[in-house]
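Working notes, structure below.
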Amino acid sequence: MALRASSSSVGLDSAGARRAGRGLRRARLVSLAPRATLLARQPSPPPAQQAAAKQQWARPPFERPSEVVAMILGGGPGTDLWPLTNSRAEPAVPFAGLFRLIDVPLTNCIHSGVSSIYVLTQYNATSLNRHLSRAYRFMSGITLTGHGSGFVEALAASQRPGCDAADAWYAGTADAVRRYLPLLCEAKHDECEDVLVMAGDQLYRMDYTALLNYHRAKGADVTIATTPADEDHATHLGVLRVDRGCNVLEFAEKPPRTQLATMSMDTLEYGFADTEEEAHSKPFVASMGMYVFKKSVLVDLLAKRFPTAADFSRDILALMHGELSIVAYPFHGYWEDVGSLKDYYAANMALAADTSRLGLFDPASPLYSEARVLPPSRLSGASVADSLVGDGCRFGRGTVVRGSVVGSCAYLEDGVFVKDSIIFGADTIDTEAARAAEAAAGATPLGVGAGSVLTRVIVDSNARIGARCVLTNAAGVTEGASGALPRGVVIKDGLVVVMRGAELPPGTVV
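Under my numbering, the letters of the sequence shown match residues 10 to 519, in that order.
Laid out in structure tokens, this is it:
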């Protein structure tokens, strides 16, 4: 079973919370040691120059939650993850059977002592807003660091006085943050020195304290979290060229391959890769879409210097690397940009096979999500291997599940075969009486009907798949959404996707 933490797991009394906070801060100081070793491999400037730089630029390390505000971007239309984003925002897409993508940055914030968190929402935000309100109510007034004013607050795109309706929508990442600059300048954020801006639709574990302290030790105006990347991934990300001090010399957003050829680096020598093999296969330094800004610099950039800029990467950082102090932060942990359906699928399959480095089962660093009150899953003569299964599921006799992720409240009737698939489950538990009544009326109950076969399929929430359906894409179709497919079924990246709420009659073959 996947691990989930409920609100009760963070209900510390104030004294216990303070002790936990001090313990976490001491642990973070130790965690910086590998970074120091990493930077030591690079040539250092003369001692006098180091001392002068430290005196002029370095700031004390991050200590109080009030010093940092996190702004998590709720994503755009999510076309790359469609049809999973047909009815929800990208950060609200489920993963690992129990969680949403937005739970990852929020969990990282909580474990890092960052407790002032805004989530900027826009497209298909209903599901995301509902999840935030249900899952993170415990952040109001108490956090793991013992700071009594923590919060997770959704900031929706909205019309403003003096603007027409078209201006209500965020034009990009920078525009979204600009809309809420007045909020950052309110009295409650007077102690805020840095603003952490990040995406809400990536899989990774990071101690933001290490990132913030690196940013402060460097005396940077802007710090960009980075990871080594191969050529295929680099063309879809921001790519940096840096010097040996990790100062950014060039920044290009989604560069063409002709430009990319001029930006390759020895990522091991510069401290981004961990091995020669990784450096050989990943010769590019890629942005993770995560930035730390000095608050004063952020306000100046968005309000004065670039008052109409839409995106941070394309419209601001690509132009300012020679003027501002912009540095790259080498991140050495697991990170996966699940911006495409095939990457999202691969990440879930790795979690099912227990080959992922995301760490779902780390008791010292639980992944937080909505604490649903559900019964345990019942497996009545079913066989399950190399899979993740959520709460409240029921598998019938003779059902076989291999290498798959099955979300909460899923119902698989007798004799179902599921392999290398993702089943989101249902919003509620369907009672046996209700299922019998639906079947008697000629309707297809929630879940997967008896004798059905699913291979490399993604089944969205509340789908109804009739008995003896065969969803295997035996023809090997790569892309397909035409009338040749049953209503509510799409083939994308070679995967069969059954859309949310779709109903497939018995005997359907795809």
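Where a beta carbon is used, it is the ideal one built from N, C-alpha and C, also for glycine.
Determine the direct distance from the alpha carbon of residue j to that of residue i, and round the result to whole angstroms.
{"i": "residue 70", "j": "residue 293", "result": "29 Å"}
{"i": "residue 118", "j": "residue 164", "result": "17 Å"}
{"i": "residue 512", "j": "residue 346", "result": "31 Å"}
{"i": "residue 401", "j": "residue 463", "result": "21 Å"}
{"i": "residue 181", "j": "residue 455", "result": "38 Å"}
{"i": "residue 221", "j": "residue 111", "result": "21 Å"}
{"i": "residue 139", "j": "residue 133", "result": "11 Å"}
{"i": "residue 83", "j": "residue 129", "result": "5 Å"}
{"i": "residue 77", "j": "residue 187", "result": "17 Å"}
{"i": "residue 121", "j": "residue 198", "result": "18 Å"}
{"i": "residue 227", "j": "residue 299", "result": "17 Å"}
{"i": "residue 358", "j": "residue 67", "result": "43 Å"}
{"i": "residue 506", "j": "residue 92", "result": "8 Å"}
{"i": "residue 516", "j": "residue 441", "result": "22 Å"}
{"i": "residue 126", "j": "residue 376", "result": "17 Å"}
{"i": "residue 407", "j": "residue 395", "result": "17 Å"}
{"i": "residue 432", "j": "residue 467", "result": "6 Å"}
{"i": "residue 393", "j": "residue 409", "result": "6 Å"}
{"i": "residue 75", "j": "residue 123", "result": "8 Å"}
{"i": "residue 179", "j": "residue 162", "result": "17 Å"}
{"i": "residue 284", "j": "residue 418", "result": "43 Å"}
{"i": "residue 147", "j": "residue 135", "result": "20 Å"}
{"i": "residue 487", "j": "residue 308", "result": "46 Å"}
{"i": "residue 209", "j": "residue 81", "result": "6 Å"}
Can you tell me which of the three DSSP states residue i falls into?
{"i": "residue 41", "result": "Legend: pLDDT at residue 41 = 30, less than 50; position of this residue unreliable, no value from coordinates given."}
{"i": "residue 323", "result": "helix"}
{"i": "residue 205", "result": "strand"}
{"i": "residue 311", "result": "helix"}
{"i": "residue 482", "result": "coil"}
{"i": "residue 186", "result": "helix"}
{"i": "residue 131", "result": "coil"}
{"i": "residue 109", "result": "strand"}
{"i": "residue 92", "result": "coil"}
{"i": "residue 454", "result": "coil"}
{"i": "residue 421", "result": "strand"}
{"i": "residue 426", "result": "strand"}
{"i": "residue 241", "result": "helix"}
{"i": "residue 196", "result": "helix"}
{"i": "residue 301", "result": "strand"}
{"i": "residue 142", "result": "helix"}
{"i": "residue 235", "result": "strand"}
{"i": "residue 435", "result": "coil"}
{"i": "residue 64", "result": "Only weak support exists for where residue 64 lies, its pLDDT of 45 falling under 50; the coordinates are left without a value."}
{"i": "residue 79", "result": "strand"}
{"i": "residue 306", "result": "helix"}
With which residues is residue i paired in a DSSP beta bridge?
{"i": "residue 513", "result": "474"}
{"i": "residue 354", "result": "Looking at the DSSP assignment, residue 354 forms no beta bridge with any residue, so it has no partner."}
{"i": "residue 262", "result": "247"}
{"i": "residue 256", "result": "336"}
{"i": "residue 398", "result": "415"}
{"i": "residue 390", "result": "The partner list for residue 390 (beta bridge, DSSP) is empty, contrary to what the question assumes."}
{"i": "residue 103", "result": "109"}
{"i": "residue 501", "result": "504"}
{"i": "residue 178", "result": "According to DSSP, which records beta bridges pairwise, residue 178 is partnered with nothing at all."}
{"i": "residue 556", "result": "Only positions 10 to 519 of the chain appear in this structure, which leaves residue 556 out of reach."}
Any idea if residue i is buried or exposed, counting beta-carbon neighbours within 10 angstroms, 16 or more meaning buried?
{"i": "residue 203", "result": "buried"}
{"i": "residue 326", "result": "buried"}
{"i": "residue 189", "result": "exposed"}
{"i": "residue 46", "result": "At residue 46, the pLDDT of 30 sits below 50, so the modelled position is not reliable; the number obtained from the coordinates is stated separately. Residue 46 is exposed by the Cβ-count criterion."}
{"i": "residue 518", "result": "exposed"}
{"i": "residue 461", "result": "buried"}
{"i": "residue 529", "result": "Outside the shown range of the chain (10 to 519) lies residue 529, about which nothing can therefore be said."}
{"i": "residue 142", "result": "exposed"}
{"i": "residue 73", "result": "exposed"}
{"i": "residue 324", "result": "buried"}
{"i": "residue 166", "result": "buried"}
{"i": "residue 362", "result": "exposed"}
{"i": "residue 255", "result": "buried"}
{"i": "residue 350", "result": "buried"}
{"i": "residue 434", "result": "buried"}
{"i": "residue 496", "result": "exposed"}
{"i": "residue 501", "result": "buried"}
Do we get a CB-CB distance below 8 Å when we pair residue i with the residues of chain D?
{"i": "residue 380", "result": "Among the chains of the structure shown, chain D does not appear; only one protein chain is present."}
Contact check, residue i vs residue j under 8 Å by CB: the rounded distance?
{"i": "residue 144", "j": "residue 378", "result": "6 Å"}
{"i": "residue 281", "j": "residue 235", "result": "7 Å"}
{"i": "residue 425", "j": "residue 457", "result": "5 Å"}
{"i": "residue 404", "j": "residue 421", "result": "5 Å"}
{"i": "residue 137", "j": "residue 100", "result": "6 Å"}
{"i": "residue 388", "j": "residue 106", "result": "14 Å between Cβ atoms; not a contact."}
{"i": "residue 339", "j": "residue 287", "result": "The pair is not a contact, with the Cβ atoms about 12 Å apart (cut-off 8 Å)."}
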